[in-house]
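Enquirer: Sharing a structure here in structure tokens format.
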Amino acid sequence: MSSFGSLNTALSGLLAHRRVLDVIGHNIANVGTDGYSRQRVELTGLGSATVASMFSKPAGSTGGVGVAGVTRIRDEFLERRAVREHATGARLEIESTVLTRIEATIPEPSDVGLAAQLGDFYAAWDDLANNPGDSAGRIAVLQQASTVASTFRRVAADLHELRDAAVTESSTIVHQVNTIAGRVAELNGAVRRANAAGLDAFGLADERDRLILQLGELAGVETRALDDGTVDVTLGGSTLVRGEHVRELEVAEPGPLTGPYAGTGFSRVQVRWREDGFPATVTEGRLGGLVNVANEHVPHALSDLDAVASSLVTSVNALHQTGQGLDAVADLNLTFWDPAGTTASTIAISGDVDGQPSRIAAAAVGGGALDVTIAQSLAALAEAQGGTIDAYQDLVGRLAVETQSAGRRAAIQTEVTGQADQARLSVSGVNLDEELTNLISTQRAYEASARVLTAVDAVLDTLINRTGTVGR
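Each residue of the sequence shown is one higher than the last, beginning at 74 in the numbering used here.
The structure is reproduced here in structure tokens:
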């Protein structure tokens, strides 16, 4: 190698390590940037054969170091795992939150909850049995019944509001998914064009991957990286984003719920593709959680509440119709609860007795005005095996277990998601200690290249200016 060639070798070291210093500084500057992936300069030796073979030729350089390119450090497996874990965590969080809200509509144990009100209702029959001739006892029965019916209707209305809120939020999330998916498609195109032109597309790719993580939290998506730098995004096995093209979603209610929740009157919530109306499979993310809430959790709670209301109406009416009020002739075969109101939303006092306490059947037919056979039988329903109170306690117990389980699953998933993020960031995140080490190492390499340059300069100065002057 000639002396002048050594100058080029030293210069290549200066230029290459200056590029490394620039990238290290860029990494450090973005240590707090959300979604940023650290970058690394790939160095390669110059002057050797590009391919180790018989007919290979030198690269045309006299030696040194060159920049082969800049690599964006990411682990595709860890990135995809993070998207999945975030999607599962978002679904569990939504379900846990809504189940907690459902439980809050039925505050038990409580002095003012439905369990206490049912107890007071049956106790009012017991009081009436102790003093059947007192109109105050009959009025108390009607008042307690009105309170129970009002509470049933209030809880049912709260459940309807929770379900409506879930449907509304589902529509909002679908709009967000469509917007973000459109942005991902735009970034795919920008990354592809930048790569084709040989430009740095790392910032665009970071922004796109950050948006994909948001899509995972919203709807639970899967990704597949392509050779041209673009990423395909799928939802339930169907394409959401491919290259620069995007398919939009919409929320629909194509028909009533079927199966065990058909009697609730709720419509089935469905996420489908806007272009053809086919259902989209959404099982994860906030959207998947909200669909489960609208189609499963709220209808389940309302169905159980309806069963309690139906039990109350059926059991009380069955006994009341066998008794008589104060008028032994006119007060026969009267219903206490409206027979048409056998759900929590419609339960009401029958017109046969509403506002007419004297018509309340406390006596058996032919037992006389002071007979209390029916009143005692109705009061005994409070202790009936498998009766209304047992059904309500089963509802409360099931809801408590489901809420607690959902909360635990959400808490566990939060830990799992945190571990996935930590593993992902351990690869793609900026570590200041590591960058400082690289900075010191690169600085020393830069200084060494500069020292080689000054040494060669000194040698050339001696050769050019002092050769042939010996002995003068």
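Each residue gets a CB set at the ideal place from its N, CA and C atoms; glycine is no exception.
Output the residue ranges of the alpha helix (DSSP H) runs that lie fully inside the segment 185 to 235 and measure 4 residues or longer, sorted by chain position.
Expert: For the segment 185 to 235, whole alpha helix (DSSP H) runs of length 4 or above, ordered along the chain, are 187 to 203.
Enquirer: Under the assumption that threonine 515 contacts leucine 94 (Cβ atoms under 8 angstroms), give the Cβ distance between them as a whole number of angstroms.
Expert: Contact holds; Cβ gap of about 6 angstroms.
Enquirer: Give the DSSP bridge partners of glutamine 397, in chain order.
Expert: DSSP, once it has assigned bridges, lists Leu405 and Ala436 as partnering glutamine 397.
Enquirer: Can you list, in chain order, the residues of its chain whose CB lies under 6 angstroms from that of leucine 385, leaving out five sequence neighbours each side?
Expert: Taken in chain order, the residues that qualify are Thr461.
Enquirer: By DSSP, does arginine 482 sit in helix, in strand, or in coil?
Expert: Three-state result, arginine 482: helix.
Enquirer: Would you kindly work out how many angstroms separate the C-alpha atoms of asparagine 365 and valine 294, rounded to a whole number?
Expert: Going from the Cα of asparagine 365 to the Cα of valine 294 covers about 17 angstroms.
Enquirer: Taking a contact to mean a Cβ-Cβ separation below 8 angstroms, would you say arginine 265 touches threonine 303 in this structure?
Expert: Against a cut-off of 8 angstroms, the Cβ pair of threonine 303 and arginine 265 comes out as a contact.
Enquirer: Write down the C-beta distance between leucine 378 and valine 228 rounded to the nearest angstrom, noting that I regard them as a contact closer than 8 angstroms.
Expert: Yes, they are in contact, since the Cβ atoms of leucine 378 and valine 228 sit about 6 angstroms apart, within 8 angstroms.
Enquirer: Tell me where the beta strand (DSSP E) around alanine 531 begins and ends.
Expert: No beta strand (DSSP E) holds alanine 531; the alpha helix (DSSP H) holding it covers 505 to 539.
Enquirer: With three or more C-beta pairs closer than 8 angstroms as the rule, is the segment 99 to 116 touching the segment 135 to 145?
Expert: Yes: at least three Cβ pairs fall under 8 angstroms.
Enquirer: When burial is assigned at 16 or more other CB atoms within 10 Å of the CB, is alanine 269 buried or exposed?
Expert: That one is exposed.
Enquirer: Which first and last residues belong to the beta strand (DSSP E) in which leucine 322 is found?
Expert: Per DSSP, leucine 322 belongs to the beta strand (DSSP E) from 322 to 329.
Enquirer: May I ask which residues mark the beginning and end of the beta strand (DSSP E) holding serine 418?
Expert: Run containing serine 418: none; DSSP gives neither H nor E here.
Enquirer: Starting from glutamine 112, follow its DSSP beta bridges and name the residues at the other end.
Expert: DSSP output for glutamine 112 lists Arg145 as bridge partner(s).
Enquirer: For glycine 336, which of helix, strand or coil comes out of DSSP?
Expert: In the structure shown, glycine 336 sits in a helix (DSSP, three-state: H, G or I).
Enquirer: Report yes or no: do the segment 303 to 319 and the segment 252 to 263 share at least 3 C-beta pairs separated by less than 8 angstroms?
Expert: These segments touch.
Enquirer: Excluding the five sequence neighbours on either side, which residues of its own chain have a C-beta within less than 8 angstroms of the C-beta of arginine 211, listed in chain order?
Expert: Cβ neighbours of arginine 211 beyond the five flanking positions: Leu201, Pro430, Ser431, Ile433 and Ala435.
Enquirer: Can you tell me whether aspartate 305 is helix, strand or coil according to DSSP?
Expert: Strand.
Enquirer: Using a Cβ-Cβ cutoff of less than 7 angstroms, which residues in the same chain neighbour glycine 328 once the five nearest sequence positions on both sides are dropped?
Expert: These residues qualify, in order along the chain: Ser340 and Arg341.
Enquirer: Express the C-alpha separation of serine 450 and valine 240 in angstroms, rounding to a whole number.
Expert: Cα-Cα distance, rounded: 45 angstroms.
Enquirer: If you draw a straight line from the alpha carbon of isoleucine 167 to that of leucine 360, how long is it in whole angstroms?
Expert: Roughly 9 angstroms separates the two Cα atoms.
Enquirer: Would DSSP call arginine 91 helix, strand or coil?
Expert: Arginine 91: helix per DSSP, three-state reduction.
Enquirer: Can you have a look at serine 183 and say buried or exposed, based on whether 16 or more other CB atoms are within 10 angstroms of its CB?
Expert: Burial call: exposed.
Enquirer: Tell me the DSSP secondary structure of valine 489 in three-state form.
Expert: Three-state result, valine 489: helix.
Enquirer: Using DSSP with H/G/I as helix, E/B as strand and the rest coil, what is valine 314?
Expert: Correct three-state label for valine 314: strand.
Enquirer: Considering only DSSP beta bridges, list what leucine 80 is partnered with.
Expert: Its beta-bridge partners do not exist; DSSP assigns none.
Enquirer: I want to know whether the segment 82 to 99 touches the segment 483 to 491 - three or more CB-CB distances under 8 angstroms.
Expert: As far as the Cβ criterion goes, the segment 82 to 99 does not touch the segment 483 to 491, which means the pair count is below three.
Enquirer: Could you check where the beta strand (DSSP E) with alanine 298 kicks off and where it finishes?
Expert: 295 to 298 is the span of the beta strand (DSSP E), which, as asked, contains alanine 298.
Enquirer: What did DSSP end up calling glutamine 429 once you bin it into helix, strand or coil?
Expert: Coil.
Enquirer: Rounded to a whole number of angstroms, what is the C-alpha to C-alpha distance between glutamine 492 and leucine 151?
Expert: One C-alpha to the other measures close to 11 angstroms.
Enquirer: Let me know the secondary structure DSSP gives leucine 119 once reduced to three states.
Expert: In the structure shown, leucine 119 sits in a strand (DSSP, three-state: E or B).
Enquirer: Could you say which of Ser423, Arg145, Tyr334 and Gly289 lies nearest to aspartate 273 if we only look at CA atoms?
Expert: Considering only alpha carbons, the answer is Arg145.
Enquirer: Could you please give the first and the last residue of the uninterrupted alpha helix (DSSP H) stretch that includes leucine 360?
Expert: Counting along the chain, the alpha helix (DSSP H) containing leucine 360 begins and ends at 358 to 365.
Enquirer: Pop quiz: leucine 363 and serine 243 are said to be a contact at Cβ under 8 angstroms. What is the actual Cβ separation, rounded to whole angstroms?
Expert: Indeed they touch by this definition, with Cβ atoms about 5 angstroms apart.
Enquirer: If contacts are defined as beta-carbon pairs under 8 angstroms, then leucine 407 and glycine 398 qualify, I think. What distance do you get, rounded to the angstrom?
Expert: The pair is a contact, with the Cβ atoms about 7 angstroms apart (cut-off 8 angstroms).
Enquirer: Could you check how far apart the C-beta atoms of leucine 286 and valine 355 are, in whole angstroms? I think they sit under 8 angstroms.
Expert: About 17 angstroms; that fails the 8 angstroms criterion.
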